[in-house]
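Structure, as structure tokens:
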Amino acid sequence: MLPLLVPIYEAKVSRDLRIVYQIDIDTDVKRKSAKQIIKIYGVYTHAQMDNRLWSSVSHYHASHRGKEYREQCLARETARTPGKNVTLPSQFSYYEESETPKEPEISTHSTTDYAMDDEDLSTIRSFVVFEKFMLMSKSLVQSIVDDLDGAHVFQVSPKEKEVIYYDSASFVLGRSGTGKTTCIVFKMLGIERMFEEGAEAKPRQVFITQSPALAQKVQEYYRSLIRTYSHRSATHKHATPEDTGILADLRDEGMESFGLPSRYSLLEDQHFPLFLSFDQFCSLLEEDYIFRFGSLARSQVIARRFNPSYTVDIEEEFKSDPEYFHEQLLPAVWTMGKIKENKHVSVTFDVFAFAYWPHFDQGLTYGLDPALVYNEFIGVIENGKRLPGPKIDALYIDEVQDNLLIDSKLLFNFSDNPHGILMAGDTAQTISAGSSFRFEDLKAFFWRLESQDKAVRAKMRSPIHPVLFHLSVNYRSHGGIVDCASALVELVSQLFPNSIDKLQKESGLIEGPKPIFFSGWEQGSIQINQFLRDQEDVQIDFGANQVILVRNNAAREALRAQVGEIGLILTLYESKGLEFNDVLIYNFFEDSIASATTWRIVLYGLDSSKYRSLPEFDAIRHAIICSELKNLYVGITRARNHCWIWDISERAEPMKEYWTERNLIEKCGPGDPTPQLGATSSASEWEEQGRTLFERELYPQAMLCFQRAGLTLERDIAAAYEARKQARLLHATKSNDRETRTAFHYAAEKFLECGKVATSKQQNSCYIRAADCYMQAEEWKPAAETFIMARDFGMAAKCYRNAGFFAEAVETVQTHSESIQQTVAEEIIKVARLEYLRTAQYDQAEELFDDLDEQLEYMEDCGLESGRIEVLEHHQRHEEAAEAAAEAAFSRGDLLEGIRLLQSSNDPNLLRQAVENALGGLWILFPFGHQANSNPTVVDALIQFVSNDSSMLTEEEAHQIDVFRAIRTGNQARIGSLAQSHGILASDSPYRSMLSLLCFPYNSNTLVPSDDWTTQDFVTNTKLIWKYFAQLSELSPEASRLKRIDPP
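What the sequence shown shows, in the UniProt record's numbering, is residues 1 to 1048, in sequence order.
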């Protein structure tokens, strides 16, 4: 028997049932203490009891967790005495130390009883690593009794507890699978429960990551925990097929689909905690900016097309910085709005690689990785915006290495509590295009922000300097894989110390098979497909939890040509964030852009004196190796159980030699037994993997999974999304091009076909996507019809309007008014009214007004005079039609037509208007002080019209006509007589004075002295002249006629 083994006990429950448990040690990091607890492995039947298994588990604990742990598990606070079998848990002092498992103190080969093969190790891992031990609580017991599927808090390591209970800002740095996200969720849960117990106000907690799918999964896990533990959740809601299983891209969904308002400023306490991707968070902010500044930004941009210096009125709060308001804020808001209109124009890495990279000068791009160049472009983008909305109490940023520093600054600005910031990530995984991240840079950046904080500078508080926690135990992969990957991190740290954060060595909880490196064949002498066959020479298939990783898409296509649809084949970039049981890394080195000589610099990680002709190391010239090692690290750490590396190129030799020298790999060469590479998977496993890949937008790979799961609808949906993805890539380079519209039409048809087969929410989702694609193809009528099928009547009405089908748009609005936003309905009706009236569809237009008077008023406001007249005539309102027509004629200067129209009516009022307009025209045609007789035809017509029915004229108007007729005929004697007669009576009537004055200029020849004049003639004419000037001096400025004549 091995000394000091950790005992594992069994307790008899019934004749056939046994509880298997052990005495374990739990830590309290706050009190710096440790105590004994009972860890229950499970309840088993007698037939399920495997003593060899439990002996192996006991041996694992004994050999890996150290002597002190074993002694503490065996310690008993109170010695057992006859009649007593109860012992109080012992307590011990806890000293913070490395969480890395101890090196085995007992030889695993000391007896054949404990010699474990890979299968044994895998079984033990299921108990030691994958099984989560829940803390005993009332909620757990109740869940067991009620047979509820609830999530529960499980036991975590002491180092994870330190992260969870730390009460100020912190950075959590750990490699893949070390429990970073678990720490965040448990910390959020603890803070929320403090609120529920009444100790704190409702906390505004926000979880941010890059992937919407990850944010959604973390939210679901958190809510499951809340349902289990919350005192305010009396019932547990079980998910139904209607709530789950919808295959859709979360990036397409508006915030309302997640139960959130459209704008950040509308968030309330009930919406917290928030679980969002960074893009979703920014979308909430952008909607606030567009709502507040959108119209101003649009006005300024449009005006600047004609006047580049134009600026809109500045808002009060920005008057201290007008340049920021006009030259930064408003242009940014305008850009936001344009992106909202076409949300796919942003330059993602896919768009960069597809649309931009091929068009760069090959002389400049030769030997460069597009992901590295993309990093450089994106890394220099900076932006600063003043932020709206409420502050938050606790901010958690997961996978922070995928963010830019400027992203972090934006998020920090929303935190109202500098102690409530936690950021977790892994700089060994910064192959995310656009990121060249280090925690050291983030720490320095945070330090600078704190030093510039107003409260710190005013000495209202001390600066906060986050604590950096290192998590080094990997729960995803076993020691064989973790050790191999850790050597890569160590090599990066040694060769490129400024490119990665320094961490203590990562370790797995249990040993496992080392990665296998296929080597020993001459390059070109053997193909990979020779190893992908079974004993009967039939090609094997990879399972759902196996993957082949290649360098790029070209390598994938080349491999597919050799092996066909053997299983999942992903690029390294695509694999980031995914996990598989087994990983085959294919031709990583052969397809590297680094030469074989460049790869030899990795041998500096060994005793370089053993190797001749190593290239002189230069960190700048050899920077590609830093990126390559990180890529390789990501590839290896995708594996949970087995990792195989196939590469027989010369470039692979240095790395293989490095690993071999450190005993981190097994080599498989000619004549060696070949490991079993293939595996079988169930339909449910293929479906689960397909959904995972679909969430990552890896649609072709998801299609393969769904095909193997026998799910043709899901396969076709993934194909539709892939068609849309390709259309969007085309759109990035060929905006509004026919080829782009064709591509979107094809995607729309694919979605539509899926919608006809799908049911319920899945059907609706397919129809919405189909309609979106029709819109991108500018096929508005099919888009509208598809939106109708999706019951999105507001969008349907808009599309009908864009297509020019106003009757359908109006019918949609009127039929489904309760389902359409009021602003949308009003806009549709407004546009339809104008279109109907503009195109003389008066009957249709009439239905859109409450009454005819509203319609006529609207037409008048819009300047639709001809249409207004037609409507009046149509409704037998001839007098009004005539009046309106006349007004229109007068307004365009057609006096005679206006009078004719008024005259055509039998309405005395309109006839009176005709007379008044005719006389007014004559006054204009015979200006005061000028002997003019322009337009004699018009003059004659006007005089004739007024003279036709003298009974309609007043005495004053009859005198005016008499004067105009005399002037028109040029009868000097008559003009002179009228001038004198009206002049005599000028003192009694202002209008006679004006008539007299009008006559004098046209009779001026009689006032010129003549040799034939007698003395009496001279006296008479002089009196007339004197009278003329006297009348001029007495002209009343208020007289209406004076406004129609020119002064003399």
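Glycine included, each C-beta is placed from N, C-alpha and C at the ideal position.
Assigned secondary structure, residue i (DSSP; H/G/I helix, E/B strand, else coil)
i      : result
TYR633 : helix
ALA918 : helix
THR209 : strand
ASN802 : helix
GLY543 : coil
CYS766 : helix
THR680 : coil
ASN474 : strand
LEU468 : strand
GLU666 : strand
ASP453 : coil
GLY480 : helix
PHE589 : coil
PHE964 : helix
SER415 : strand
PHE793 : helix
GLU490 : helix
TYR69  : helix
Counted within 10 angstroms of its Cβ, other Cβ atoms place residue i as buried (16 or more) or exposed
i      : result
ASN948 : exposed
ILE967 : buried
ALA11  : exposed
ILE444 : The sequence given here places Ala at residue 444; Ile does not occur at that position. Under this definition ALA444 is an exposed residue.
TYR699 : buried
HIS59  : buried
PRO908 : exposed
ALA702 : buried
ASN631 : buried
ALA561 : exposed
MET655 : buried
SER760 : exposed
GLU722 : buried
LYS180 : buried
VAL380 : Only weak support exists for where VAL380 lies, its pLDDT of 30 falling under 50; the value from the coordinates is given anyway. Classification for VAL380: exposed.
ASN474 : buried
SER519 : buried
TYR611 : exposed
ILE38  : exposed
ASN51  : exposed
GLU162 : buried
ASP16  : exposed
SER499 : buried
LYS505 : exposed
CB-CB length for residue i against residue j, believed under 8 Å
i      : j      : result
PRO673 : TRP644 : 13 Å between Cβ atoms; not a contact.
VAL29  : TYR165 : 6 Å
PHE588 : ARG551 : 6 Å
GLY567 : GLN546 : 6 Å
ALA709 : ALA683 : 5 Å
ALA771 : PHE793 : Going by Cβ atoms, the distance from ALA771 to PHE793 rounds to 12 Å, so no, they are not a contact pair.
One or two residues paired with residue i in a DSSP bridge
i       : result
ARG18   : LYS12, TYR44
ASP26   : LYS35
ALA424  : VAL172
ALA639  : PHE580
LEU395  : VAL206, ILE421
PHE1018 : Note: PHE1018 sits in no beta bridge, so no partner.
GLN91   : LYS35
THR571  : VAL550
TRP644  : ILE516, LEU584
SER507  : VAL473
SER950  : Beta-bridge pairing links SER950 to no other residue.
Closer than 8 Å to chain D by CB, residue i
i      : result
THR712 : Of the protein chains in this structure there is only one, and it is not chain D.
Requested in this report: Could you pull out every unbroken alpha helix (DSSP H) segment of at least 4 residues lying fully inside the region 274-349, listed in chain order?
Outcome: If we require 4 residues or more, the alpha helix (DSSP H) runs fully inside the region 274-349 come out as 278-304, 330-341.
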